[in-house]
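Asker: As you go down the protein sequences, you meet chains A and B in turn. If you count by the numbering used here, then the first sequence holds residues 41 to 351, one letter each, in order. If you count by the numbering used here, then the second sequence holds residues 86 to 774, one letter each, in order.
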Amino acid sequence: MATQRRVGENLLPIDWGAISPLRLSAQMVAEGVFAGMHRSRRRGPGVEFGGQRPYTPGDDLRFLDRRSLLRHDRLMVRQFETETERTLWLCVDASASMAYRGPDAPGAKLAYAALIGAALTRVAVAGQDPVGLTWLQPGPEPLLEEVTASFGFAAFERITSRLESARAAGDLSDDATAIDRSVRTLARRSRRGSVIVLLSDLLDLHDDALRELMVLASGPRALVLVQILDPRERDLSFRGKVRLKSIEGGRVVVTDADAVRSEYRERLAQHTDVCRVAVEREGGRLVEACTTDDAVGVLRAVLQAIAEARR
Amino acid sequence: MSFLTWAALGIGLLVAVPLVAHLLRRRPPDEEEFAATRLVPARAAVAQRKTAIEDRALLAVRALAILALAVLGATPFVKCSRLSLAREGGASVALAIVLDDSLSMRALAGSEAEPTRFERARKSALELLEGLEPGDAASIVLAGDPPRVALASTTNLDAAKATLESAVVTDRGTDLESAVKIAGELLESVEHVDKRIVVLSDMADGGEDAPPLEPPAGAKLWIPLQELRGPRYDCGVVQADRTGVSVAIRVACTPTYVAQAEKAGVDVERRVEVRVGDRVLAEHKLRVDDTSDLVLKIPEPSDSESEMRLFVGLTGEDAIRENDTAPVVSIGGQLHAGVVSDASSSRPPTGGAPMVEQVFSALDLHVQLRPLSTVPDRPEDLAGLSLLIVDDIPGLTPGQRRDVADWVEKGGVLLLTLGPSAAHAPLGSGFSPMLEGLVRWTKDAPKGVDQQSDQFFGEAFEGLDDITPDGRAKLDLGPDNPFEVAAKWSDGAPFLLQKKLGRGQVSVLTLPFDPEKSDFTVRLGFLHFIHRLVTTARTLGGTARTTVGQTWTFDGFDRVKLERFGAGDAMEAVEVIASPNGRSRSASPNRIGLYELTLDDTVTTRVAAMAEGEADTRPRRVADEQQGESLGGVQASVDISHYVAIALLALMLAELVVRLLSPRWSGQAADDDRDAAAPEAPSVDRDAA
Numbered sequence: 041m042a043t044q045r046r047v048g049e050n051l052l053p054i055d056w057g058a059i060s061p062l063r064l065s066a067q068m069v070a071e072g073v074f075a076g077m078h079r080s081r082r083r084g085p086g087v088e089f090g091g092q093r094p095y096t097p098g099d100d101l102r103f104l105d106r107r108s109l110l111r112h113d114r115l116m117v118r119q120f121e122t123e124t125e126r127t128l129w130l131c132v133d134a135s136a137s138m139a140y141r142g143p144d145a146p147g148a149k150l151a152y153a154a155l156i157g158a159a160l161t162r163v164a165v166a167g168q169d170p171v172g173l174t175w176l177q178p179g180p181e182p183l184l185e186e187v188t189a190s191f192g193f194a195a196f197e198r199i200t201s202r203l204e205s206a207r208a209a210g211d212l213s214d215d216a217t218a219i220d221r222s223v224r225t226l227a228r229r230s231r232r233g234s235v236i237v238l239l240s241d242l243l244d245l246h247d248d249a250l251r252e253l254m255v256l257a258s259g260p261r262a263l264v265l266v267q268i269l270d271p272r273e274r275d276l277s278f279r280g281k282v283r284l285k286s287i288e289g290g291r292v293v294v295t296d297a298d299a300v301r302s303e304y305r306e307r308l309a310q311h312t313d314v315c316r317v318a319v320e321r322e323g324g325r326l327v328e329a330c331t332t333d334d335a336v337g338v339l340r341a342v343l344q345a346i347a348e349a350r351r
Numbered sequence: 086m087s088f089l090t091w092a093a094l095g096i097g098l099l100v101a102v103p104l105v106a107h108l109l110r111r112r113p114p115d116e117e118e119f120a121a122t123r124l125v126p127a128r129a130a131v132a133q134r135k136t137a138i139e140d141r142a143l144l145a146v147r148a149l150a151i152l153a154l155a156v157l158g159a160t161p162f163v164k165c166s167r168l169s170l171a172r173e174g175g176a177s178v179a180l181a182i183v184l185d186d187s188l189s190m191r192a193l194a195g196s197e198a199e200p201t202r203f204e205r206a207r208k209s210a211l212e213l214l215e216g217l218e219p220g221d222a223a224s225i226v227l228a229g230d231p232p233r234v235a236l237a238s239t240t241n242l243d244a245a246k247a248t249l250e251s252a253v254v255t256d257r258g259t260d261l262e263s264a265v266k267i268a269g270e271l272l273e274s275v276e277h278v279d280k281r282i283v284v285l286s287d288m289a290d291g292g293e294d295a296p297p298l299e300p301p302a303g304a305k306l307w308i309p310l311q312e313l314r315g316p317r318y319d320c321g322v323v324q325a326d327r328t329g330v331s332v333a334i335r336v337a338c339t340p341t342y343v344a345q346a347e348k349a350g351v352d353v354e355r356r357v358e359v360r361v362g363d364r365v366l367a368e369h370k371l372r373v374d375d376t377s378d379l380v381l382k383i384p385e386p387s388d389s390e391s392e393m394r395l396f397v398g399l400t401g402e403d404a405i406r407e408n409d410t411a412p413v414v415s416i417g418g419q420l421h422a423g424v425v426s427d428a429s430s431s432r433p434p435t436g437g438a439p440m441v442e443q444v445f446s447a448l449d450l451h452v453q454l455r456p457l458s459t460v461p462d463r464p465e466d467l468a469g470l471s472l473l474i475v476d477d478i479p480g481l482t483p484g485q486r487r488d489v490a491d492w493v494e495k496g497g498v499l500l501l502t503l504g505p506s507a508a509h510a511p512l513g514s515g516f517s518p519m520l521e522g523l524v525r526w527t528k529d530a531p532k533g534v535d536q537q538s539d540q541f542f543g544e545a546f547e548g549l550d551d552i553t554p555d556g557r558a559k560l561d562l563g564p565d566n567p568f569e570v571a572a573k574w575s576d577g578a579p580f581l582l583q584k585k586l587g588r589g590q591v592s593v594l595t596l597p598f599d600p601e602k603s604d605f606t607v608r609l610g611f612l613h614f615i616h617r618l619v620t621t622a623r624t625l626g627g628t629a630r631t632t633v634g635q636t637w638t639f640d641g642f643d644r645v646k647l648e649r650f651g652a653g654d655a656m657e658a659v660e661v662i663a664s665p666n667g668r669s670r671s672a673s674p675n676r677i678g679l680y681e682l683t684l685d686d687t688v689t690t691r692v693a694a695m696a697e698g699e700a701d702t703r704p705r706r707v708a709d710e711q712q713g714e715s716l717g718g719v720q721a722s723v724d725i726s727h728y729v730a731i732a733l734l735a736l737m738l739a740e741l742v743v744r745l746l747s748p749r750w751s752g753q754a755a756d757d758d759r760d761a762a763a764p765e766a767p768s769v770d771r772d773a774a
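1. For L472 of chain B and G497 of chain B, I'd like the C-alpha separation in whole angstroms.
2. State the start and end residues of the unbroken alpha helix (DSSP H) segment that holds I474 of chain B.
3. Are the Cβ atoms of T257 of chain B and V661 of chain B separated by less than 9 angstroms?
4. For L245 of chain B, which option in B:V226, B:T255, B:S263 has the closest C-alpha, if you only look at C-alpha atoms?
5. Can you tell which of B:C338, B:R364, B:N241, B:V591 has the C-alpha that lies nearest to the C-alpha of E215 of chain B?
6. Residues in the segment 238 to 254 of chain A with C-beta within 7 angstroms of chain B's C-beta atoms, listed in sequence order?
7. Tell me the DSSP secondary structure of R691 of chain B in three-state form.
8. Does DSSP classify D535 of chain B as helix, strand or coil?
9. Rounded to the nearest angstrom, what separates S234 of chain A and A227 of chain A at their Cα positions?
10. Buried or exposed: which applies to L265 of chain A, given that a residue is buried once 16 or more other Cβ atoms fall within 10 Å of its Cβ?
11. Could you pull the DSSP bridge partners for F541 of chain B from this structure?
12. Which first and last residues belong to the alpha helix (DSSP H) in which Y728 of chain B is found?
13. Are at least three pairs of beta-carbons, each pair with one atom in the segment 311 to 326 of chain A and one in the segment 142 to 156 of chain B, less than 8 angstroms apart?
14. Could you tell me whether any Cβ in chain A is nearer than 9 angstroms to the Cβ of E215 of chain B?
15. Output yes if chain A places a C-beta closer than 9 angstroms to the C-beta of V125 of chain B; else output no.
16. Using a threshold of 9 angstroms, state whether the C-beta atoms of V591 of chain B and L499 of chain B are closer than that.
17. Cα separation between L366 of chain B and R335 of chain B?
18. Anything in chain B within Cβ reach of Y152 of chain A, meaning under 7 angstroms, just list it in chain order.
19. What in chain A is Cβ-close to R128 of chain B, meaning under 7 angstroms?
20. Whole angstroms are fine: how far does the CA of T312 of chain A sit from the CA of V342 of chain A?
21. Is it true that the segment 540 to 548 of chain B meets the segment 611 to 618 of chain B, where meeting means three or more beta-carbon pairs spaced less than 8 angstroms apart?
22. What do you reckon, are the CB atoms on K585 of chain B and P579 of chain B nearer than 9 angstroms?
23. Any contact of the segment 260 to 270 of chain B with the segment 207 to 223 of chain B, i.e. 3+ C-beta pairs under 8 angstroms?
24. Pick out whichever of B:L470, B:Q635, B:D466 has its Cα sitting closest to the Cα of Y452 of chain B.
25. Taking DSSP as the reference, what is the three-state secondary structure of A247 of chain B?
26. Expressed to the nearest angstrom, what Euclidean distance is found between the alpha-carbon atoms of T225 of chain A and G172 of chain A?
27. Going by beta-carbon coordinates alone, are G322 of chain B and V357 of chain B separated by less than 9 angstroms?
28. Hey, how far is the Cα of E185 of chain A from the Cα of G280 of chain A?
29. Is the Cβ of S201 of chain A closer than 9 angstroms to any Cβ of chain B?
30. For a contact meaning CB atoms closer than 8 angstroms, what does A732 of chain B contact in chain A?
31. Count the CB pairs spanning the segment 55 to 65 of chain A and the segment 135 to 153 of chain A that are closer than 8 angstroms, and state whether there are at least three.
32. Give the range of the alpha helix (DSSP H) segment to which F196 of chain A is assigned.
33. Can you tell me whether DSSP reads G484 of chain B as helix, strand or coil?
34. Of the residues A:T295, A:I236, A:A329, A:L130, which one's Cα is nearest the Cα of D115 of chain B?
35. Residues bridged to Q583 of chain B by DSSP?
36. Is the CB of F278 of chain A under 9 angstroms away from at least one CB in chain B?
Written out as structure tokens, the structure reads:
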């Protein structure tokens, strides 16, 4: 039986469960990943040829590959590589639904998001990339302290500390401005070439939330959505007749879990696909994760998604 | 149906209460928080789930608990068919069980499917023992003739139970009066206030018209098991004696056999057959009245059959099969008794045969009486006798004395009556070694025999205390004389003396049979006296046949072996009991039939015959108060509340176990464990949630 949590303005403590302590768990997850697989590379002006791509209006005509035009009668642009830092922004959903922990989960969704975020920070720090932390939280005033992007192990310590003290609160479903406010702030801070990893369950969001989030994928930024679900949310593992109450939004549904399980799974898959299509349309990627999944595998998938996201 | 039946049915309906409660339960489902609620399609509650039994084990346990409660509530009304005593005020009880192990108890208790009367009685006795409580005393008396104490009064109920379990039915006669008397004596030795005697018998002791049994003083007599007392129809061969080619047969049947058997549909066409092996030598249609005496002539057996034993059997079937066959006793079947008396002096004044001969005839003792003028002076003449009565003769010659002494030592029974003639024995004559000492006849006879000193006549003593003889014999016996004084005159002088001589017995009466000298021969005690002598003569081996149950004594033998010819001539060993001093041995055959007796190197045969009265299966009367429910019954209440209470506790424990094993409860326990493992989850918040 799921632990009952109170939803509202009150900050809900996070059920860390088996994920605690976060620092140790994050380092162990990070060590499971090859530290050098992440190369912070940005194609564009540089000294080392980095391949070709089709010409799009607005490209610098200096890089137009005339040989390709003559040989293939196609407009191609030459690209060069240069090694540079690439800022990683973690955006963690701290709404009330992230405090949920089902009976089969090792910890709350927010705890799992913190684990992935901290491990990702550890990997980025090892690659000499700056890492920053921001929250997706409702309310006019931010309840959780953000961390500006910085280098080194100190950045890991700061971000881990903030993640450990995280609390969930608020209802994103009825706060139409909350996401927009958070997104705009993050968009302002993130520089060109930044990678934004949004850790959220992508549930209980209002209707325009997805469109607002896609702002983060626009321009020179790469957006990776990591959808973190509890096993019970993935499988609807209730038995028989059950009365379900939404953690955010106050929606109540009485249903027969055994009878609607397959239909629920279809709806959830549809919802995830909508998110995936939206983010991929903007060059981003979506990674699905469950709190019972191996964190190392999820971290690899996130790193792979970062590498594949539009540069 | 009675009110209690309806009440029990009503309580039984309560079993459905947990099921109905489950079906009527309409509690709302538990509310669960769920982030993806908006993706969950709503679905109306499925009616089928409401009717489904969620936890069958729990439902079963609760239904059983209600049943147990119903039984607990109905405990005062729980009855069973177990025989049990009714207690008065809860005091301890001293119980004497009189268990009839006689032949008539071999009859079936009811239909063919039911056990014998004895098994039914023994089972009831065990049930009675089961109902006894610590502190109660039990004793067991077997009522087969002669009655025996199987177990004296004891509080060791396990010993009583073991005794009952080892008890077996016999072919003995029945002596309920003596058995009840013995049971009363056993109860005298215990301190219990509440003393009960329970008679478990068919009450068929040959006395249908006899008065009901009298309870001993201080004890209550209870005769339950009325179902054992129905009449059964039986005939049995009492004796079969062969003299040459003649076989004298006596068959005893239940009185009114024909009428009752025809009424019961039993075949009354029965025949008596004399058989050797499988061949029938002679047969005769049986007259099934009370008793039938008949003599059948048989052909001379062939050479091959000369060594085989003859048997008399009855055709057809009746209640008891064991007494339908009896071995034929050659010659010695009848007891041969010799009487030496002066015919002129021993005849009654009214004429007729001497008194002693009249007594033999009146008692119908099946004795072949041989009047003798003198004591036989040849051993072969004495060898044919089992009993010799010498009535007031002037002594025996030395040769006679030697022969008679040898004859007695071989098992003969000698009665010497002393009168004026015996007191005037000529020189050289006497009774030594049968009787040492001088015999004197005196006129100063006191009046009557002392009843206090009587060890012989018992209930037949009536009238002996006022006999008025004209004189009596006096004996000058030394202090070391081997005689036992069985009865004394009122002045203390010996009236009747007895002693053993070898295997035989010598009795000395200090009165002659002459009716002119005394009126002893017309008293009841005289009949008893003669009957005892005959019985003793039969017992000591003067004849090959005794009634089953009578003790055979064997004195002076080093090796005694007794075996019974069983089915198919298989030999069944019979226990021979040695006396404490080791000089005497005895055995009590419990079964009808032919026995082989080995005394040192001599092998003889003996026959244990059925008691004639056992064929009469009609029960004697039982007083109403002796079968009243105030003493006990077969439907007494049994307190089983403590058993039910233990069952209820077990059911409660079972419910706890079922709840622990139930998935719902075990899931809650897992949640609790997990919450306890979360250090940052304060319990107050969890409770609030």
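Glycine is no exception: its CB is placed at the ideal position from the N, C-alpha and C atoms.
Answerer: According to the data block:
1. Against the second sequence, residue 472 of chain B aligns to sequence position 387. Against the second sequence, residue 497 of chain B aligns to sequence position 412. The straight-line gap from Cα to Cα measures roughly 6 angstroms.
2. Position 389 of the second sequence holds residue 474 of chain B. Taken as a continuous stretch (DSSP letters only), I474 of chain B belongs to no alpha helix (DSSP H), being part of the beta strand (DSSP E) at 472 to 476.
3. Taking the first residue of the second sequence as position 1, residue 257 of chain B is located at position 172. Taking the first residue of the second sequence as position 1, residue 661 of chain B is located at position 576. Inspection of the sequence shows that residue 257 of chain B is occupied by Arg rather than by Thr. No; because the gap between Cβ atoms is not below 9 angstroms, this pair is not in contact.
4. Position 160 of the second sequence, counted from the start, is the residue given in the question as residue 245 of chain B. Residue identity check: residue 245 of chain B is Ala in the sequence provided, not Leu. Comparing Cα-Cα distances from A245 of chain B to each of B:V226, B:T255, B:S263, the minimum goes to B:V226.
5. Here residue 215 of chain B refers to the residue found at position 130 when the second sequence is read from its first residue. Nearest option by C-alpha distance: B:N241.
6. D241, L243, D244
7. Position 606 of the second sequence, counting from 1, holds the residue named residue 691 of chain B. In the structure shown, R691 of chain B sits in a strand (DSSP, three-state: E or B).
8. Start at 1 with the first residue of the second sequence, and residue 535 of chain B comes out as number 450. The answer is strand: DSSP assigns D535 of chain B an E or B state.
9. For the purposes of this step, residue 234 of chain A is taken as the residue at position 194 of the first sequence. For the purposes of this step, residue 227 of chain A is taken as the residue at position 187 of the first sequence. In a straight line, the C-alpha of S234 of chain A is about 10 angstroms away from that of A227 of chain A.
10. As a working note, residue 265 of chain A is residue 225 in the first sequence. Buried, because 16 or more other Cβ atoms sit within 10 Å of the Cβ of L265 of chain A.
11. Taking the first residue of the second sequence as position 1, residue 541 of chain B is located at position 456. BP columns for F541 of chain B are empty, so no partner.
12. What you label residue 728 of chain B is simply residue 643 of the second sequence in a count that begins at 1. First-last of the alpha helix (DSSP H) with Y728 of chain B: 726 to 746.
13. no
14. Counted from its first residue, the second sequence places residue 215 of chain B at position 130. Not closer than 9 angstroms to any Cβ of chain A, the Cβ of E215 of chain B fails to qualify, so no.
15. For this step, residue 125 of chain B is matched to residue 40 along the second sequence. Closer than 9 angstroms: yes.
16. Along the second sequence, one-based indexing puts residue 591 of chain B at 506. Along the second sequence, one-based indexing puts residue 499 of chain B at 414. Yes, they are a contact pair.
17. Position 281 of the second sequence holds residue 366 of chain B. Position 250 of the second sequence holds residue 335 of chain B. Cα to Cα, the separation comes out at about 17 angstroms.
18. In the first sequence, the residue the question calls residue 152 of chain A occupies position 112. Under the 7 angstroms cutoff, chain B gives no residues; its nearest Cβ is about 14 angstroms from Y152 of chain A.
19. For the purposes of this step, residue 128 of chain B is taken as the residue at position 43 of the second sequence. By Cβ distance, chain A contributes T295, D296, A299, V300.
20. What you label residue 342 of chain A is simply residue 302 of the first sequence in a count that begins at 1. What you label residue 312 of chain A is simply residue 272 of the first sequence in a count that begins at 1. One C-alpha to the other measures close to 16 angstroms.
21. yes
22. Position 500 of the second sequence holds residue 585 of chain B. Position 494 of the second sequence holds residue 579 of chain B. No, the Cβ-Cβ distance between K585 of chain B and P579 of chain B is not below 9 angstroms.
23. no
24. What you label residue 452 of chain B is simply residue 367 of the second sequence in a count that begins at 1. First, the amino acid is wrong: residue 452 of chain B is Val here, not Tyr. Minimum Cα distance to V452 of chain B is reached at B:L470.
25. Locating residue 247 of chain B in the second sequence gives position 162, counting from the first residue. Helix, per DSSP.
26. For the purposes of this step, residue 225 of chain A is taken as residue 185 along the first sequence, with counting starting at 1. For the purposes of this step, residue 172 of chain A is taken as residue 132 along the first sequence, with counting starting at 1. Cα to Cα, T225 of chain A sits roughly 13 angstroms from G172 of chain A.
27. Here residue 322 of chain B refers to the residue found at position 237 of the second sequence. Here residue 357 of chain B refers to the residue found at position 272 of the second sequence. Before going further, note that residue 322 of chain B is Val rather than Gly in the sequence given. Closer than 9 angstroms, so yes.
28. Locating residue 185 of chain A in the first sequence gives position 145, counting from the first residue. Locating residue 280 of chain A in the first sequence gives position 240, counting from the first residue. So the two alpha carbons sit approximately 42 angstroms from each other.
29. Residue mapping note: residue 201 of chain A aligns to position 161 of the first sequence, counting from 1. Answer no: the Cβ-Cβ gap between S201 of chain A and chain B never drops below 9 angstroms.
30. By one-based count along the second sequence, residue 732 of chain B stands at place 647. Within chain A, no residue comes near A732 of chain B; the closest Cβ sits about 34 angstroms away, beyond 8 angstroms.
31. yes
32. Translated into positions along the first sequence, residue 196 of chain A becomes position 156. 192 to 204 is the extent of the alpha helix (DSSP H) around F196 of chain A.
33. The residue given as residue 484 of chain B occupies position 399 in the second sequence. If DSSP states are grouped into helix, strand and coil, G484 of chain B belongs with the helices.
34. By one-based count along the second sequence, residue 115 of chain B stands at place 30. Per the Cα distances, A:T295.
35. The residue labelled residue 583 of chain B in the question sits at position 498 within the second sequence. DSSP lists B:E569, B:S592 as partners of Q583 of chain B.
36. Looking up residue 278 of chain A in the first sequence gives position 238. F278 of chain A counts as touching chain B.
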